[in-house]
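See structure below.
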Amino acid sequence: MSEESTSYDASNIQVLEGWDAVRKRPGMYIGSTSERGLRHMVFEIADRAVNEVLDGRATSVDVTLTPDGGVYVADDGPGVPIDETGASDGPGLEALLTQMQAGTGVAGRHDITLGFCGVGPAVVNALSQRMTAEVRREGVRWVQEYVRGVATTPLTEAGTVTESGTTLAFWPDAGIFGAAEFSFDGLEERFRELAFLNQGLEISLTDLRHPDESRSVRFWFPGGARDFVAFRDGHAAASAPMDTIVFEHEDPRMAGVMEVAFRWCSCPEERVRSFANSRPTINGTHAVGFRNGMTAAITAYAREQGLLTATDPAFGANRIGEGLTAVVSVKLDRPEFEGSTRGVLGNAEVRDCVEQAVQDHLGRWLKEDPERAAAVIDRIVQGARRD
-3 MSEESTSYDA
7 SNIQVLEGWD
17 AVRKRPGMYI
27 GSTSERGLRH
37 MVFEIADRAV
47 NEVLDGRATS
57 VDVTLTPDGG
67 VYVADDGPGV
77 PIDETGASDG
87 PGLEALLTQM
97 QAGTGVAGRH
107 DITLGFCGVG
117 PAVVNALSQR
127 MTAEVRREGV
137 RWVQEYVRGV
147 ATTPLTEAGT
157 VTESGTTLAF
167 WPDAGIFGAA
177 EFSFDGLEER
187 FRELAFLNQG
197 LEISLTDLRH
207 PDESRSVRFW
217 FPGGARDFVA
227 FRDGHAAASA
237 PMDTIVFEHE
247 DPRMAGVMEV
257 AFRWCSCPEE
267 RVRSFANSRP
277 TINGTHAVGF
287 RNGMTAAITA
297 YAREQGLLTA
307 TDPAFGANRI
317 GEGLTAVVSV
327 KLDRPEFEGS
337 TRGVLGNAEV
347 RDCVEQAVQD
357 HLGRWLKEDP
367 ERAAAVIDRI
377 VQGARRD
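Just so you know, my numbering puts 371 at position 375 of the sequence shown, and the rest follows in order with no gaps.
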């Protein structure tokens, strides 16, 4: 191989200016250019509005899919600050829509990151053929338009209003996403999860793309994880041998709070979902702690009742999980995830905290409601004998 063919210097490096890097490799910022990427575009825009509600500055978020391929995300908060001067409640509008957020990643327990990695609405702006912004703040309506991440009009005062809030609308660039379309079902599932996991959060999703088949859903679940378990059980809830056990517990050892809800039904499947800072997880220390706590409480109770002798092995987690529906949600100040997809929670201290709390609450229920406890334990014992 000649020296000429192997030479490498600064002339080989391509420097992408402005939003070129985002538009050239969008998958690095939103995951893909398929429907999944479009979904994350919605989440990146909705992120700020959802947190406005959770912070008590707004009451609801409305997401609308329009016939021309656009998406409108509106909230009734105080309105995005229109400039940087004295803006204590966030960046000014143009900075929000043209500067990538520096604090990417998962926020603390009081904030939610909906998108792929929290890159913010500026990335959505860069990947959209058009974006419009309307801010209703302090009695004045402001509007501005963008094309592929660049403002094409100045921020303009457009009259007076009596209400407040922010509406951001975007139309994905067909040159990047091709014929991909938003999935109503995919958006519906995620927004429903968020409403279950955050009591008081109200979200509506409306699809106007097909006027003859328009549909709209509204999510608001004051029961939180309890409602989530009931939803996942569906018709099987009628055959549940026990009421749902639900508790919230803050533990300074893990610098966070947990919300856990679970019950057994007569169906054989196990339906256990875990979340960390409202992000779905496939496993992690919170899930391990939950299973350990369940196993310890049921095994201890079975030994006390003489259903297991001192020499009998403890029940396995798989046996205890038969027919179990559960939601395990933790919200941490400093979540630590394993891998780039953030599907596994790694905070070691969370395992012991969740395990102890679950063992305490389930153990107390078993002793306080012996009739229903007997139905649960008998089912587990009979299953273990069949094994």
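All residues carry an ideal CB built from backbone N, CA and C; glycine is no exception.
Which first and last residues belong to the alpha helix (DSSP H) in which T291 is found?
Along the sequence shown, read from residue 1 onward, the residue named residue 291 stands at position 295. Run containing T291: 281 to 300, per the alpha helix (DSSP H) assignment.
Just to confirm the assignment: which complete beta strand (DSSP E) runs, minimum length 3, are found wholly within the region 19 to 72?
57 to 61, 67 to 71
Is it the case that the Cβ atoms of L341 and H245 are separated by a distance below 8 angstroms?
The count along the sequence shown starts at 1 and reaches residue 341 at position 345. The count along the sequence shown starts at 1 and reaches residue 245 at position 249. Contact flag unset, no.
Of the residues F271, T156, V136, the one placed nearest E417, counting alpha carbons only:
This structure leaves residue 417 out entirely; the chain is present only between -3 and 383.
Can you give the Cα-Cα distance for R44 and G280, rounded to whole angstroms?
One-based indexing of the sequence shown puts residue 44 at position 48. One-based indexing of the sequence shown puts residue 280 at position 284. Roughly 27 angstroms between the two C-alpha positions.
Under 8 angstroms between the Cβ atoms of L93 and Y142?
For the purposes of this step, residue 93 is identified with residue 97 of the sequence shown, where counting begins at 1. For the purposes of this step, residue 142 is identified with residue 146 of the sequence shown, where counting begins at 1. Result yes, Cβ atoms of L93 and Y142 sit closer than 8 angstroms.
Under 8 angstroms, with one C-beta from each stretch per pair, do the region 129 to 149 and the region 34 to 50 reach the 3-pair mark?
no
Can you check which of these residues, G312, R287, G335, R299, is closest to V354 by C-alpha distance?
By 1-based counting over the sequence shown, the position of residue 354 is 358. Per the Cα distances, R287.
Any chance the region 180 to 196 sits against the region 160 to 168, with 3 or more Cβ pairs inside 8 angstroms?
no
What does the alpha-carbon distance come out to for the pair D374 and T277?
Mapped onto the sequence shown, residue 374 falls at position 378. Mapped onto the sequence shown, residue 277 falls at position 281. Approximately 31 angstroms, taken between the alpha carbons.
Could you pull the DSSP bridge partners for D229 from this structure?
Numbered from its first residue, the sequence shown carries residue 229 at position 233. In DSSP, D229 forms no bridge with anything.
Within the continuous alpha helix (DSSP H) that includes R360, where are the two ends?
Residue numbering aside, residue 360 sits at position 364 when the sequence shown is read from its first letter. R360 -> alpha helix (DSSP H) spans 344 to 364.
From A369 to P207, what does the alpha carbon distance come to, in whole angstroms?
Here residue 369 is taken as the residue at index 373 of the sequence shown, counted from 1. Here residue 207 is taken as the residue at index 211 of the sequence shown, counted from 1. Rounded to whole angstroms, A369 to P207 spans 52 angstroms at the Cα level.
Taking the runs of the beta strand (DSSP E) that are 3 residues or longer, which of them lie wholly in the region 117 to 187?
124 to 133, 136 to 143, 152 to 156, 161 to 168
Which residue wins for smallest C-alpha separation from D51, given the options G155, Y297, E198?
As a working mapping, residue 51 is identified with position 55 in the sequence shown. The option with the nearest alpha carbon to D51 is E198.
Going by the beta-carbon positions, is the gap between L89 and Q125 smaller than 8 angstroms?
In the sequence shown, residue 89 corresponds to position 93, counting from 1. In the sequence shown, residue 125 corresponds to position 129, counting from 1. Their beta carbons are not under 8 angstroms apart, which means L89 does not touch Q125 by this criterion.
In three-state terms, what does DSSP make of V253?
By 1-based counting over the sequence shown, the position of residue 253 is 257. Three-state result, V253: strand.
Confirm the yes/no value for this check: CB of P366, any heavy atom of the ligand SAM, distance under 7 angstroms.
In terms of ligand content, the structure shown is empty, and the ligand SAM therefore cannot be addressed.
Taking all protein chains shown into account, decide if G116 is buried (16 or more other Cβ within 10 angstroms of its Cβ) or exposed.
Start at 1 with the first residue of the sequence shown, and residue 116 comes out as number 120. G116 comes out buried.
Would you give the residue range spanned by the alpha helix (DSSP H) that E246 belongs to?
Here residue 246 refers to the residue found at position 250 of the sequence shown. Not the alpha helix (DSSP H): E246 falls in the beta strand (DSSP E), residues 241 to 247.
Buried or exposed (CB count within 10 angstroms, at least 16 for buried), G99:
Taking the sequence shown and counting its residues from 1, one reaches residue 99 at position 103. Residue confidence is low: G99 scores 44 on pLDDT, short of 50, so the model does not pin down where it sits. No coordinate-derived value is stated.
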